[in-house]
Amino acid sequence: MAEIKVEGLRHVYSAGTPFEKVALDGIDLEIPQGQLIGIIGHTGSGKSTFIQHLNALLPPTEGKIYVGGKNINADKYARKAVKGEVGLVFQYPEYQLFEETVYKDIAFGPRNLKLAEDEIDTRVREAAGFVSVDEALFERSPLELSGGQKRRVAIAGVIAMRPGVLILDEPTAGLDPVGCRQILSNILSYREKTGATVIVISHNMDDVARLAERILVFNHGRIVMDGAPDEVFSDPARLIGIGLSVPHATEIAMELRSRGVALPDAIYTHNQLKAAILAAKGAGAC
Ligand code: ADP
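The working numbering applies: residue 304 is where the sequence shown begins, and numbers increase by one.
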């Protein structure tokens, strides 16, 4: 089990220099095993700094982080162990593909763990399956693949470590709508089949609305909202006030309300919007 507990986390870049920057302050949080979390917040609000703390890539300036009950910064062994438990997929991870074949790229992490060759093979095939990378591509160079395929190969490389916590920073950035949907459905199926905790940073409110069961809103290094999509999107004015957009369906619902249509508060998917409009229309009919 890999529940996460964050206590009093603060991170200051370039402390004691003229460039000092408080990137995170007063973060207290518990994430039970298996939650699907969306993180939103404008650029510079601390999202990337936060996720880099969850696998000990960055040390807290103050505060503690526990994964599965263990302080991940207790010593160098704990910092190494958490890297196997918490897998981090950076923005545009395909830029980090460097092996000559797709297979070798996905196998890179398990090989570093010094696993037996047949175990490495099992993991590569399993990870490729999770992200719909056809085994026929295994001997191809990653450079020959499409943008979406490259992205999925890079994600497979992290999944092949079998992380109990999978964190992705803007996994759909720069992909076409088909590529976006594919990646989101791969992420959902990874979580469903393995019970892993999944944390996704996204600028795309429609992705977050569709995907997450809990949303963390970052602003100036703090978590200013933490709740189910129902709660977070029932206060669109607050999100807009901190410079964020809202899902498309929420935007249309706000416009309709301003024109006097009575709709419920939390509308963030097109299906909810359709149902609410039909109900409002029904209420007006004789
Ligand atoms: P986000 O992911 O929400 O865009 P970041 O975590 O990247 O936010 O950044 C939070 C703040 O920390 C920003 O003000 C950013 O400029 C600053 N920052 C990020 N990385 C560094 C760094 N390596 N050195 C100094 N400041 C940084």
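We put the beta carbon where it would ideally sit given N, CA and C, even for glycine.
Check: From 458, 531 and 404, pick the residue whose C-alpha is nearest to that of residue 429; which is it?; Outcome: 458
Check: Taking only runs of the alpha helix (DSSP H) that begin and end inside the segment 408 to 493, which ones reach a length of at least 4 residues, in chain order?; Outcome: 420 to 433 and 450 to 462
Check: Scan the segment 329 to 409 and note each continuous alpha helix (DSSP H) run of 4 residues or more that stays entirely inside, going in chain order.; Outcome: 350 to 356 and 379 to 388
Check: Tell me, please, which residues DSSP counts as bridged to residue 517.; Outcome: 340
Check: Tell me whether the beta-carbon of residue 499 lies closer than 8 Å to the beta-carbon of residue 468.; Outcome: yes
Check: Go ahead and pull the three-state DSSP assignment for residue 529.; Outcome: strand
Check: Can you give me the C-alpha to C-alpha distance between residue 497 and residue 354, rounded to a whole angstrom?; Outcome: 21 Å
Check: Taking the continuous alpha helix (DSSP H) assigned at residue 547, which residues delimit it?; Outcome: Taken as a continuous stretch (DSSP letters only), residue 547 belongs to no alpha helix (DSSP H), as it is neither H nor E.
Check: With DSSP as the reference, label residue 507 as helix, strand or coil.; Outcome: coil
Check: What residues match up with residue 500 in a beta bridge as DSSP calls it?; Outcome: 468
Check: On the three-state DSSP scale, how would you describe residue 313?; Outcome: strand
Check: Counting pairs of Cβ atoms below 8 Å between the segment 516 to 532 and the segment 367 to 378, do you hit three or more?; Outcome: no
Check: Is the beta carbon of residue 544 within less than 7 Å of some heavy atom of the ligand ADP?; Outcome: no
Check: Report all residues from its chain with a CB closer than 6 Å to the CB of residue 404; omit the five preceding and five following residues, and keep chain order.; Outcome: 442
Check: Taking 7 Å as the limit between beta carbons, can you name the residues of its chain near residue 385, skipping five residues before and five after?; Outcome: 358, 359, 370 and 375
Check: Going along the chain, which residues put their C-beta within less than 5 Å of some heavy atom in the ligand ADP?; Outcome: 316, 324, 326, 346, 347, 348, 349, 350, 351 and 352
Check: Below 8 Å, can you find three or more Cβ-Cβ pairs linking the segment 429 to 440 to the segment 391 to 401?; Outcome: no
Check: Are any of the Cβ atoms in chain B nearer than 8 Å to that of residue 324?; Outcome: Absent from the structure: chain B. Only one protein chain is present.
Check: Does the segment 575 to 586 touch the segment 543 to 559, meaning 3 or more C-beta pairs lie closer than 8 Å?; Outcome: yes
Check: By Cβ distance below 7 Å, which residues in the same chain neighbour residue 408 in space, the five residues on each side in sequence not counted?; Outcome: 400, 402, 445, 456 and 460
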